[in-house]
Amino acid sequence: MPELPEVEVVRAGLEPSVTGARVLHVHVVDERALTRHRGPAEDFVARLTGRTVQAAVRRGKFLWMPLDDVGAGPEALVAHLGMSGQILLGRDRPAARHRRVVLAVQPAGRTADGLVEPPVELEFVDQRTFGSMAVDATVPTVDSAPAGHAGAADQADPDGAWRRRIPTQVSHIARDPLDPAFDDARFVALAHRRHSGIKRVLLDQGVVSGIGNIYADESLWAARLHHDRPADALSRRALTGLLDEVRAVLRRALEDGGTSFDAQYVNVNGQSGYFSQRLAVYGRQGQPCPRCGATIVREAFMNRSSHRCPVCQRRPRSRLG
DNA sequence: ATACACGCCTGCTGGC
DNA sequence: TGCCAGCAGGCGTGTA
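Per the working numbering, the first sequence runs over residues 1 to 321.
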């Protein structure tokens, strides 16, 4: 479930079950799911088993769970869903077809009767294995702000030691546009340094994170910008206006539980979101633009595709190579 | 520094 | 019916 809204749905679903939970057992079904982990599968299992998860944090499309410090330095369990990853929670559920890693965790909470909750299985499922997990060291954030979105912990535990630390392999990822510490001026400055199409800039996770092909196309349509408009020629006002549209699109998608075209993109309970019904251009080639009625087109772009309204989003005069 | 191609995988769809 | 090309929501690396 790739883009920000879908990853946030997963993060929010994990939060209640994993916060304070202890990892009882780790089973690596397919080692290809550990390509982000620096070390063999046994090392991953050894580092994770017995640890306590402190929170579920997200920046852009990266998800991580800070672990209690057992003396080897602060670490976190990092997960990236890639193109087809899912994280499912459950008890005694039949094994999913493409399960790659399974964690048995002991939740910290009690049932309504005050009883200890039974262990929960956390399954990392990934058809195409572009996603992966890792146990990674964390480092302080460069701007000293909280590293990412942590849900209820943002209020409940704002000063936790884990709060301002980020996994090493996520440290090059820019903040996402829904992050209170996102720096609009920095975004404008970086965009003005790029003589490339604005869509490339939106997709560059080092400039702004969380946006993938769907939400890039939707945001550009909302802002009436063609994807090849050179970023360095866009006014500051156009760029901040685009950021506003990006935020609006991401927030609406979050309200709808994310975008699902099929069973690949689901929350921790295996359920789909509904934002696909509200898409204006993505996947709607041949259908009318919701704003002007012109026919939506699909074009090749960066080994994938772009969708746009040919009237609302006119091609710039000089195309970029 | 930036821009681009490519590899990493599985599964589905559409055309022949 | 079978086969094959093309396509799918992402990231990291290597090369110019």
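In this text, a Cβ means the ideal position worked out from N, Cα and C, and glycines have one as well. None of these values were measured; they are calculated from a predicted model.
Boundaries of the beta strand (DSSP E) in which residue i is found, first to last residue
{"i": "Thr138", "result": "Ser132 to Pro140"}
{"i": "Val201", "result": "Taken as a continuous stretch (DSSP letters only), Val201 belongs to no beta strand (DSSP E), being part of the alpha helix (DSSP H) at Ile198 to Leu203."}
{"i": "Val57", "result": "Val57 to Arg59"}
Helix, strand or coil at residue i according to DSSP, with G and I counted as helix
{"i": "Arg308", "result": "strand"}
{"i": "Leu279", "result": "coil"}
{"i": "Gly90", "result": "strand"}
{"i": "Cys292", "result": "coil"}
{"i": "Glu121", "result": "strand"}
{"i": "Arg252", "result": "helix"}
{"i": "Pro16", "result": "helix"}
{"i": "Phe301", "result": "strand"}
{"i": "Arg165", "result": "strand"}
{"i": "Asp126", "result": "strand"}
{"i": "Gly109", "result": "coil"}
{"i": "Pro230", "result": "strand"}
{"i": "Gly85", "result": "strand"}
{"i": "Arg314", "result": "coil"}
{"i": "Val70", "result": "coil"}
{"i": "Thr259", "result": "coil"}
{"i": "Arg237", "result": "helix"}
{"i": "Arg32", "result": "helix"}
{"i": "Arg11", "result": "helix"}
{"i": "Val356", "result": "Only positions 1 to 321 of the chain appear in the structure, and residue 356 is not among them; the question remains open."}
{"i": "Arg368", "result": "Summary: the structure shown does not reach residue 368, with the chain confined to residues 1 through 321, and so no result is reported for it."}
{"i": "Arg284", "result": "coil"}
{"i": "Leu4", "result": "helix"}
{"i": "Arg97", "result": "coil"}
{"i": "Asp179", "result": "coil"}
{"i": "Asp159", "result": "coil"}
{"i": "Leu242", "result": "helix"}
Identity of the residue in the options nearest residue i by Cα
{"i": "Pro118", "options": "Ala21, Ala263 and Gln313", "result": "Ala21"}
{"i": "Ala263", "options": "Gly85, Thr19 and Glu31", "result": "Gly85"}
{"i": "Gly197", "options": "Arg224, Arg229 and Asn213", "result": "Arg229"}
{"i": "Arg93", "options": "Glu299, Arg314, Val268 and Arg298", "result": "Val268"}
{"i": "Arg47", "options": "Lys61, Gly283, Val28 and Arg58", "result": "Val28"}
{"i": "Ser17", "options": "Arg97, Glu8, Gly109 and Leu178", "result": "Gly109"}
{"i": "Ser325", "options": "Arg164, Ser235 and Gly241", "result": "The shown model of the chain, from 1 to 321, leaves out residue 325, and the question about it has no answer."}
{"i": "Phe261", "options": "Phe62, Gln277 and Arg247", "result": "Gln277"}
{"i": "Trp64", "options": "Asp157, Ser171, Thr111 and Arg99", "result": "Ser171"}
{"i": "Ser209", "options": "Asp176, Ala104, Met302 and Thr138", "result": "Asp176"}
{"i": "His195", "options": "Ala231, Gly212 and Asp204", "result": "Ala231"}
{"i": "Arg99", "options": "Met83, Val7, Thr129 and Ala79", "result": "Thr129"}
{"i": "Glu121", "options": "Gly114, Leu115 and Ala96", "result": "Ala96"}
{"i": "Arg165", "options": "Ala150, Ala174 and Thr141", "result": "Thr141"}
{"i": "Val101", "options": "Arg284, His80 and Val116", "result": "His80"}
Boundaries of the alpha helix (DSSP H) in which residue i is found, first to last residue
{"i": "Arg47", "result": "Ala41 to Leu48"}
{"i": "His192", "result": "Asp184 to His192"}
{"i": "Ser219", "result": "Asn213 to Ala222"}
{"i": "Ala152", "result": "Per DSSP, Ala152 belongs to no alpha helix (DSSP H) and is neither H nor E."}
CB contact flag (residue i, residue j, <8 Å)
{"i": "Pro310", "j": "Ala294", "result": "yes"}
{"i": "Glu75", "j": "Tyr215", "result": "no"}
{"i": "Val266", "j": "Ser272", "result": "yes"}
{"i": "Gly131", "j": "Arg58", "result": "no"}
{"i": "Gln155", "j": "Arg224", "result": "no"}
{"i": "Ala134", "j": "Gln169", "result": "yes"}
{"i": "Val45", "j": "Val26", "result": "yes"}
{"i": "Ala56", "j": "Leu88", "result": "no"}
{"i": "Ala33", "j": "Asp126", "result": "yes"}
{"i": "Ala160", "j": "Pro5", "result": "First, the residue type needs correcting, since residue 160 is Gly and not Ala in the sequence shown. Cβ atoms of Gly160 and Pro5: not closer than 8 Å."}
{"i": "Glu8", "j": "Leu190", "result": "no"}
{"i": "Leu243", "j": "Phe187", "result": "yes"}
{"i": "Asp143", "j": "Ala181", "result": "yes"}
Counterpart residues of residue i in DSSP-defined beta bridges
{"i": "Met65", "result": "Leu77"}
{"i": "Ala104", "result": "His25 and Glu121"}
{"i": "Ser272", "result": "Val266"}
{"i": "Val53", "result": "Leu67"}
{"i": "Val116", "result": "Arg110"}
Check: residue i C-beta below 7 Å from any heavy atom of the ligand NAP
{"i": "Gly206", "result": "This structure does not include the ligand NAP; it has no bound ligands of any sort."}
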